[in-house]
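S.K.: First the structure, which I've put down as structure tokens, then a few questions once you've had a look.
There are 2 protein chains.
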Amino acid sequence: MAVDAHSRPAGETEELLYDPDVPTPTHGERARTLVDALATGTLCTIAKDPAGFPYGSFVTFAMDGPSPIFFISSLAEHTKNLRLDGRASLLVAEGGDADPLANGRVTLLGPCHELEPGEAREAAKEAYLAAHPNASYYIDYADFGFWKLDVEAVRYIGGYGRMSWVGLEDWRESSPDPVAGFARGVIDHMNEDHADALALYCRVFSRATDTKAATMTGVDRYGFEMSAETARGPRPIRLAFPSPIASSEEARRAMVELLQRARAAGEGA
Amino acid sequence: MAVDAHSRPAGETEELLYDPDVPTPTHGERARTLVDALATGTLCTIAKDPAGFPYGSFVTFAMDGPSPIFFISSLAEHTKNLRLDGRASLLVAEGGDADPLANGRVTLLGPCHELEPGEAREAAKEAYLAAHPNASYYIDYADFGFWKLDVEAVRYIGGYGRMSWVGLEDWRESSPDPVAGFARGVIDHMNEDHADALALYCRVFSRATDTKAATMTGVDRYGFEMSAETARGPRPIRLAFPSPIASSEEARRAMVELLQRARAAGEGA
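Note that the protein sequences, when read in sequence, are chains A and B. Using our numbering, the first residue of the first sequence is number 1, and each one after it goes up by one. Using our numbering, the first residue of the second sequence is number 1001, and each one after it goes up by one.
Right, dumping it as structure tokens:
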């Protein structure tokens, strides 16, 4: 989890107001979650012409476990390139933030090869059609084939200052965050209906003991992040759930348990 | 403007109901328009590690005439790659359509080099800051530099069946479509307030003489496209403006002139 340091003017470093060892998703988990949520990206191949240039093309993809699957036509430039040189990468980038460089992105690098008829091809086809049901219209075109990228290196950039080359074991053994699909709902619900609880969590479980109000900004299987309004301005706070969660019902129970603990331990006692 | 033909079952070919020689943007003009409207893409470089693999990374860019400009940190992987091997490409892809493969995209390939202090660097900086005003916060970081990609090959894909390698002269001498910025407004206005005129254009100026209704689907400097409801179903119609337009006022005048001609020539006479 190396953080690159830009050559910027020296300034004060903000003191962290929460436990730096709070359980946090690994970069492998973050990367798997990001890639799993998306279905289009840029395939990079080595061009046949102009020879040797890296060639970026828009592709749809699906994940078969840790490996991206492409369903591409032999008439397309990227397929012609791959037939001559299988070296490839796939860039998958989040959209959404007004500042594009604050969004997350992942580059998966490795050799890409066409799948021959057989079990692996059937698994790839199933994964691809689950992600792209419209492809059933041309799934039997003779010029189309399934290709798989065997990931050998993973670059993760989570936004400013959060980036690393992800360990291959971390990539292969991580699973996408089960919370990703309903995180937005949890965040909205907590901010709309339980803002008092969020501020109490900050006062009791972090060193932002003067928090007047707090807004939830993120949630994952291991915990959640808030922006706490303190006397010295807004400060980030991350807290862990009592144990990892996998459903919105588990999220609700974890929040209630934290509230009971906060009341028992802190101001409410 | 070669059209690749997929190996699909033979079917009927629809007869074109409008003049096939109607003035239409070149692929160079379409590509320049697409790239000009966007500010982020994928930079493809040759990786230092794993050596020789094509590496895709998310970048912001600006156009300095026909050349993309990047403002990138020497700490970033793509910059390290470019210092060892300047061969690069930039993929720029439209979003928006529900079917991602129906969207347009452009790949610009060529050598990429860092701009030394001087006139070219000042022009690049000005173009970049105009497109990315927030970059002014880190414009003076010592590790950042301006890089320019000298375009030597251009691949354009406008969606299904509309693709080509664009001639370099077409790329360099084309200008972005001046209509792109207000096309949406023209389309909405015509469909909401002048649907009768659209249907009349189709009946008088095309061979869709039984058009009951028509919807405008696109507009550019040279003309506009409609979907005509005919007895045999919806059919595409493209018509030219009397002369190329560059403003919404010119669009309005061209539509009025066409209406007068249609009334004089056709049913309204």
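Ideal Cβ placement from N, Cα and C applies to all residues, glycine included.
(1) Looking at the secondary structure, which residues open and close the alpha helix (DSSP H) in which A1183(B) lies?
(2) Looking at C-beta atoms only, is the number of pairs between the region 28-46 of chain A and the region 157-176 of chain A that lie closer than 8 angstroms three or more?
(3) Spell out whether any CB of chain B is found under 8 angstroms from the CB atom of C44(A).
(4) Do the CB positions of E257(A) and P242(A) come within less than 8 angstroms of each other?
(5) Within 10 Å of its beta-carbon, does P1133(B) have 16 or more other beta-carbons around it, so buried, or fewer, so exposed?
(6) Quick one: using the 10 Å Cβ neighbour count with 16 as the cut-off for buried, is G104(A) buried or exposed?
(7) Within 8 angstroms (strictly less), CB to CB, does T60(A) reach chain B?
(8) For the region 64-87 of chain A, which residues have a beta carbon sitting closer than 7 angstroms to at least one beta carbon of chain B?
(9) Could you please tell me which residues of the region 1087-1108 of chain B, in chain order, have their CB closer than 8 angstroms to any CB of chain E?
(10) Give, in chain order, every residue of the region 141-174 of chain A whose Cβ lies closer than 7 angstroms to some Cβ of chain B.
(11) Checking the sheet assignment: what are the DSSP bridge partners for F1070(B)?
(12) Quick one: using the 10 Å Cβ neighbour count with 16 as the cut-off for buried, is Y1156(B) buried or exposed?
(13) Please classify S1136(B): does DSSP put it in a helix, a strand, or coil?
(14) T40(A) touches chain B at which residues, Cβ-Cβ below 7 angstroms?
(15) What does a CB cutoff of less than 6 angstroms around A1130(B) pick up in its chain, not counting 5 residues either side in sequence?
(16) Suppose you measure from the CA of V1219(B) to the CA of R1207(B); what does that come to, to the nearest Å?
(17) Expressed to the nearest angstrom, what Euclidean distance is found between the alpha-carbon atoms of P1244(B) and A1180(B)?
(18) DSSP on R207(A), reduced to helix/strand/coil?
(19) Let me make sure I understand the geometry here. Which of F61(A), P100(A) and A213(A) has the alpha-carbon closest to that of P234(A)?
(20) DSSP on L1043(B), reduced to helix/strand/coil?
(21) Got a sec? Which residues, its chain only, sit under 6 angstroms from V106(A) by beta carbon, not counting five neighbours each side?
(22) Tell me the DSSP secondary structure of E225(A) in three-state form.
(23) Using a Cβ-Cβ distance cut-off of 8 angstroms, determine whether A31(A) contacts chain B.
M.R.: In short:
(1) A1183 to D1193
(2) These segments touch.
(3) yes
(4) yes
(5) exposed
(6) buried
(7) Between T60(A) and chain B, the shortest Cβ-Cβ separation is below 8 angstroms.
(8) Residues S73, L75, E77 and R87.
(9) Absent from the structure is chain E; the protein chains it does hold are A and B.
(10) Y141, A142, D143, E152, A153 and R155
(11) Per DSSP, the beta-bridge partners of F1070(B) are W1147(B).
(12) buried
(13) helix
(14) P1100
(15) none
(16) Within the model, the alpha-carbon separation for V1219(B) versus R1207(B) is close to 20 angstroms.
(17) 13 angstroms
(18) coil
(19) A213(A)
(20) strand
(21) A31, L34, V35, V92 and Y156
(22) The answer is strand: DSSP assigns E225(A) an E or B state.
(23) Not closer than 8 angstroms to any Cβ of chain B, the Cβ of A31(A) fails to qualify, so no.
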